[in-house]
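A short write-up of the structure that comes next.
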Amino acid sequence: MKKSIRLLGILLFFAIAIPAIAQPEISPERKQAIDSLALEKVKDLGKYISIIGNKDTPFSEANRVIDRALELFADDSQMGVSSLNRKEIKYYGIREYFQRLMALNYDRINIEWFNIQYISDLVRQPDGRYVGVITIYQRFTGESDDGLKYVDTTKKDITVYVERKQTQIQGRIIGFWDVLLGDIRVTETKPG
Amino acid sequence: MLFFYFCRIISGAGVPKRWMTKKINTFINYTKSHNSYNFMKSLHKILIFTFIVAASAGIFSCKSQKKIAAEEAAAAEARKIAKAKADLEELLSDNTGLSLDEKESRLKVIKDLNIEDPEVKELIVKVEEKLKREREALMAKERAEKLAREREEALRREGTEKKGLDDYFDLIANSTNLATSNRYIGEALQLFASEEVPVLIIISKSGNIVDYDRPTTIRKYLEYIKDQKVVRNEIENVVYDANGKITELELIKK
Chain A
6 MKKSIRLLGI LLFFAIAIPA IAQPEISPER KQAIDSLALE KVKDLGKYIS IIGNKDTPFS
66 EANRVIDRAL ELFADDSQMG VSSLNRKEIK YYGIREYFQR LMALNYDRIN IEWFNIQYIS
126 DLVRQPDGRY VGVITIYQRF TGESDDGLKY VDTTKKDITV YVERKQTQIQ GRIIGFWDVL
186 LGDIRVTETK PG
Chain B
1204 MLFFYFCRII SGAGVPKRWM TKKINTFINY TKSHNSYNFM KSLHKILIFT FIVAASAGIF
1264 SCKSQKKIAA EEAAAAEARK IAKAKADLEE LLSDNTGLSL DEKESRLKVI KDLNIEDPEV
1324 KELIVKVEEK LKREREALMA KERAEKLARE REEALRREGT EKKGLDDYFD LIANSTNLAT
1384 SNRYIGEALQ LFASEEVPVL IIISKSGNIV DYDRPTTIRK YLEYIKDQKV VRNEIENVVY
1444 DANGKITELE LIKK
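Each protein sequence line maps, in turn, to chains A and B.
Under my numbering, the first residue of the first sequence is numbered 6, with each subsequent residue one higher.
Under my numbering, the first residue of the second sequence is numbered 1204, with each subsequent residue one higher.
Here it is, written out as C-alpha cells:
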C-alpha cells in the first residue's frame, strides 16, 4: 500500500513538473526582443493617453484612439488615479478611465510619460506566461482659461503579461508574442 | 450813451422808444430856439460825430466776428489734431483689429489732412515704420507659405508618380496635421487589396525561429504610425495579387 502511494506521488510530481520543463527556455536574444516589445507597448500607451487627454483631439479621433489603447490591456484591468487634493487613490476600468480623461474640465491638458523602465523583469511563470512590472512617471498639466492650473507628477507601476500565442494568417500558422497590460497602480503623487 | 444805443441798433437789440421821443423833441426845440446857421453848424457836428461812432462800431463789430471765427477754427483744428492723435495711437497699439490694408488706408486719410502738429507728425512717422515692418513680415510669411505650398505640391506630384510604401510610412509619421496624415493613409491604402490586409511584425529572428508581434491590419498599422508619430519597422516582405495590390505585408523591427 505504502509502495503504491509513493509511486502515485512520483507520478503526480512528473505529471506537474514535466510540462513546465518541456517548454524550452528562450534564448537571451529572443528574451531581449520580448522585453523591448513590452516596453514599446507601454510607450505606445503613454502616447495614446496624451492624445485622448489633449483637448485639441477631435472627438471621433479620441474615440478611435481609445479603441486602439484598449487593445493593449488584458480584460478587467484597472487604472489608478490620484490627485494632490485627496489622499485616496481611485481605480477605474480602463474604458471608464479614458472616458473620464476625455471629459476632464480643463481647457488645455498635457500628459507626458517619462523614465519608463522595468522595475521587475519579465519572469516566466509556471503557466508559460511572462510577467513583469514596468514603472513610468506621468506629468499631468491641466489649465483653464480663467488661470486655474493643476500640475502633478505620478509614479505608476504597470503589470505586464507576455504570452506566446498562435494564429492563422492566410493559411499559415503564425506564432506571436502577445503583450497585454494589466493593472496600473499609483505608487507616488507629488506636485509639479 | 449814443454809442451804446448805436451798438444796440447794430446788434438788433433796438433802442427804447422813450429815449427816441426825448431826443426828437430836444431836436425840435433846438431848431425852434436857434437860428438856421447855428442849426446847420450843429447838424454838421452831429453828423461827423455820428459817422465816427458808426465807423468805430463797425470796426469793433467786424473785429468781434473775426475773433469768433478764428476761435471756432482753432477749436476745429484742435479737435482734428486730437482725433488724429487718438487714431494714430490706436494704430500703434495693435488693438484695432484691422487688417494691414485697412490700417494703411486709415494712415493715408490722416496724412491727407496735412496736420501741422509736431506730435502728430512724430506719430505718423512711428506708425509708418510700424506698418512698414508689418508689411515686410506679411510679405515674408506669404513668400514662405507659397514656397511651402510649392514644395508640398512638388512632393505630392513626385509622390503620386513613384511614392512607395516606405515613403508613406515616413510621410504619415511626419505629418503635422490630422488632415494631411489621413490623406496619406488614404493614398497608402490604395496600394493594398483591402484595409484588412494582414501586417506581421517580426520582433526577432533566431535561426529558423521567427518571433512576431500580435498581427494587425494595414489600416490599424497606418493609424498606429499616425498616432505614435514614429516608424519603428521596415519592410521585410510584400505579397502582391494579380492586380498588383498588396495582400500581405511583413515588417521587421529596425
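Note that beta-carbon positions come from the ideal geometry of N, C-alpha and C, so glycine has one too.
Computed from a predicted structure; not experimentally measured.
Query, Result
"Whole beta strand (DSSP E) elements within the stretch 81–165 of chain A, 3-residue minimum", "83–88, 91–98, 113–129, 135–148"
"Alpha carbon of Arg91/A to alpha carbon of Thr194/A, nearest angstrom", "11 angstroms"
"Cutoff 9 angstroms: Gly197/A Cβ touching any chain B Cβ", "no"
"Option in Asp81/A, Ile57/A, Gln122/A, Tyr142/A with minimal Cα separation from Arg105/A", "Ile57/A"
"Buried/exposed call for Tyr1387/B, threshold 16 Cβ in 10 Å", "buried"
"Whether Thr192/A touches Asp162/A by CB criterion (9 angstroms)", "yes"
"Residue interval of the alpha helix (DSSP H) (run including Pro33/A)", "33–58"
"Residue-chain proximity (Ser82/A, chain B), Cβ-Cβ < 9 angstroms", "no"
"Reduced DSSP secondary structure (H/G/I, E/B, other) of Ile26/A", "With a pLDDT of 44 at Ile26/A, under the threshold of 50, the predicted position of this residue should be treated as unreliable, and no value is reported."
"Residue-chain proximity (Lys1456/B, chain A), Cβ-Cβ < 9 angstroms", "yes"
"Ile1388/B, DSSP secondary structure in three states", "helix"
"Under the three-state DSSP convention, the category Thr1419/B falls into", "strand"
"Listed by chain order, chain B residues near Ser32/A by CB distance under 8 angstroms", "Ser1409"
"8 angstroms contact criterion, which Asn59/A and Ile114/A should meet: CB distance rounded", "6 angstroms"
"Rounded straight-line distance, which links the Cα of Asp151/A to that of Met107/A", "20 angstroms"
"Contact between the stretch 119–128 of chain A and the stretch 76–90 of chain A (3+ Cβ pairs under 8 angstroms)", "no"
"Close beta carbons around Arg1338/B, own chain, < 7 angstroms, minus the five adjacent residues each side", "Leu1303"
"Per-residue DSSP class, three states only, for Arg169/A", "strand"
"Where Asn1380/B falls: helix, strand or coil (DSSP)", "coil"
"Enclosing beta strand (DSSP E) for Arg1435/B [first to last residue]", "From DSSP, Arg1435/B is part of no beta strand (DSSP E); its letter is neither H nor E."
"For Lys1366/B, three-class secondary structure by DSSP", "coil"
"Buried versus exposed, by CB contacts within 10 Å (16 or more), Leu1250/B", "exposed"
"Residues sharing a beta bridge with Asn1440/B, DSSP", "Glu1453/B"
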